[in-house]
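Colleague: Residue numbers (the working numbering), protein chains in the order written: chain A, 233 to 526; chain B, 233 to 526. In this text, a Cβ means the ideal position worked out from N, Cα and C, and glycines have one as well. Sharing a structure here in structure tokens format.
Laid out in structure tokens, this is it:
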């Protein structure tokens, strides 16, 4: 009698034998997930033919990754990020109709209770960095302005740190704000030019990046969550296209459509109108929301 | 300009963009491993189209799995075991020439310094369980006996526990021993009939098995490592084919060729010759070693 007939595991039937055990799974989706994961995992093992030592290295890498996690650090999300999995999940869950603005990853630094500010407010509370003014419109896919759209923005400072990473150094809610559009769909606020920064690279994921000859940097960006009644919420960034890491974001968050020109302006009258001392950065970026389907 | 031309990440080019970053990897094998893992991971994500919530559930499952590991517990090895990955790696690394005995997983309970015992010794040190005598021959693929073969055996007791799991309850080195063959290649020793037992199922892997409707049991078996000069070392088990879990080993370790008939014998004269009180189990199993290639 062949092993296959008895249902014993062999190299040839490995996927069928393992997934065949899940016939009584409590949940059809879990069964489907484990079928695909088992199949792809076995395909990878069969293609790579790891030695026992390589297998053990993989086990220990995953173990270290789990053990690096705590209340403040999620090393498996970092691993997902640097392997492009987070961006892939984001892309799959945010396929937009033609003309709508594209999404990118939320990231770990969003804060739910940032203050709502009057349009034009300066979200930089410590006067550190190069002044910047940002404006644009929130539009529907026909180009019509959306009134009462809520724009939640947050960004790193000019040293590449978010307020929550530097409690006691930066003021609370530094470089965060929530704005609401009027009938013209227009938004504007003042801030400072953000800087590129590394993802946390003192753990197993940073070590992997190093061994792969990869740097840990994300190019400079601002985060946006734009929402409005009747429209799908948009979670995205805008990026500085002149950033040294714009073509090599460690987490693959950059999209062509998310590049926003950062123009250096030397115009004393405009600077004065914004209460800026001198030259400043000027950014214009519109966002187009997709209408909710249901 | 297309995103692709700039090298930005899209659903379509995700694998190429991520693996393209590894051009300067320090190690060609690592580069190859990450290429295959990234590709299979992205294939799985594209096939499953996980929601953000499902992705987070996967992140948290891996995190809990890492955090369950300690000096005594390796939950990622358990995960590898129950997904058939450990057996697949074992199979790939132990393809045997025709006629040689098949391998199976080492498992976590081998002890390096078990005592060498005289042939025929009883490895059961606490007289608990049903008596058993095991014998057989160590042969080459031409059927010739191998002299000076070393046979390292270990097993669970009749309650399904290894000595190292019950320190202070079982004597040290209970149900373990090392034997060396003479010129006839023959081995024999006395023991007790082992019992099925669960893999540790109080962690995330046990919870996954439960959700998949799977039990955590391994069918009753004895572990063997058989080695001899000039031959490839064989790490394997023999199984009781009448065990209730023989067709559903939680870690997929059973192979047709590793089934060893466990015969119940009621023969007072033979029992007395083994110093057994009464009826006993009689097992005969030969092992065939493959000649080392180099």
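1. DSSP on residue 309/A, reduced to helix/strand/coil?
2. Which residue wins for smallest C-alpha separation from residue 423/B, given the options 242/B, 377/B, 413/B, 367/B?
3. Buried or exposed: residue 500/B, going by 16 or more other Cβ atoms within 10 Å of its Cβ?
4. Give the interface partners of residue 446/B over in chain A, defined as CB-CB distance under 9 Å, in chain order.
5. Counting beta carbon pairs with one atom in the segment 324 to 337 of chain A and one in the segment 465 to 482 of chain A, are three or more of them shorter than 8 Å?
6. In the DSSP assignment, what residue or residues form a beta bridge with residue 471/B?
7. Residue 430/A bridges to which residues according to DSSP?
8. Along the segment 261 to 283 of chain B, where does the CB come closer than 9 Å to a CB of chain A? Name the residues.
9. Put residue 325/A into one of helix, strand or coil per three-state DSSP.
10. Checking contacts by CB at 8 Å: is residue 287/A closer than that to chain B?
11. Between which residues of its own chain and residue 517/B is the CB-CB distance below 6 Å, once the five residues before and five after are set aside?
12. Using the DSSP secondary-structure output, state which residues sit across from residue 364/A in a beta bridge.
13. Closest by CA to residue 508/A, which one among 243/A, 360/A, 341/A?
14. Please state whether the Cβ-Cβ distance between residue 412/A and residue 348/A is less than 8 Å.
15. Considering only their Cβ atoms, is the gap separating residue 373/A from residue 522/A smaller than 8 Å?
16. DSSP on residue 261/B, reduced to helix/strand/coil?
17. Can you give me the Cβ contacts of residue 249/A inside the same chain, cut-off strictly under 7 Å, excluding the 5 residues immediately before and after it?
18. Does the segment 350 to 365 of chain A come close enough to the segment 401 to 410 of chain A to have 3 or more Cβ pairs within less than 8 Å?
19. Please report the straight-line C-alpha distance between residue 307/B and residue 292/B, rounded to a whole angstrom.
20. Rounded to a whole number of angstroms, what is the C-alpha to C-alpha distance between residue 345/B and residue 389/B?
21. Note down, in chain order, every chain A residue with its Cβ under 8 Å from the Cβ of residue 324/B.
22. Between the C-alpha atoms of residue 282/A and residue 266/A, what's the straight-line distance to the nearest angstrom?
23. Three Cβ pairs or more, each shorter than 8 Å: is that satisfied between the segment 270 to 290 of chain A and the segment 313 to 325 of chain B?
24. Between residue 319/A and chain B, is any beta-carbon pair separated by less than 8 Å?
25. From residue 484/A to residue 456/A, what distance separates their C-alpha atoms?
26. Could you check if residue 502/A is buried or exposed, using at least 16 other CB atoms within 10 Å of its CB as the buried criterion?
27. Taking the C-alpha atoms as reference points, what is the distance between residue 296/A and residue 425/A?
28. For residue 377/A, does the three-state DSSP call read helix, strand or coil?
29. Short of 7 Å Cβ to Cβ, which residues in the segment 484 to 496 of chain B face chain A?
30. Please say whether residue 365/B and residue 512/B have beta carbons closer to each other than 8 Å?
31. Just mark residue 450/B as buried or exposed, buried being the case when its beta carbon has 16 or more other beta carbons within 10 Å.
32. By Cβ distance below 7 Å, which residues in the same chain neighbour residue 474/B in space, the five residues on each side in sequence not counted?
33. Assign residue 418/A to one of three DSSP states: helix, strand, or coil.
34. Short check: CB of residue 246/A to CB of residue 316/B, under 8 Å?
35. Take residue 524/B and list the residues in its own chain whose beta-carbon comes closer than 8 Å to its own, dropping the five residues that flank it on each side.
36. What are the boundary residues of the beta strand (DSSP E) that includes residue 386/B?
Modeller: Here's the rundown:
1. helix
2. 367/B
3. exposed
4. 253, 254, 256, 257
5. yes
6. 453/B, 491/B
7. 449/A
8. 261, 262, 263, 264, 265, 266, 268, 269, 270, 271, 272, 273, 274, 275, 276, 277, 278, 279, 280, 281, 282, 283
9. helix
10. yes
11. 368, 470, 492
12. 423/A, 513/A
13. 360/A
14. yes
15. yes
16. helix
17. 239, 241
18. yes
19. 14 Å
20. 19 Å
21. 243, 277, 278, 281, 282
22. 22 Å
23. yes
24. yes
25. 17 Å
26. exposed
27. 36 Å
28. strand
29. 484, 486, 487, 488
30. yes
31. buried
32. 494
33. strand
34. yes
35. 462, 463, 464
36. 382 to 387
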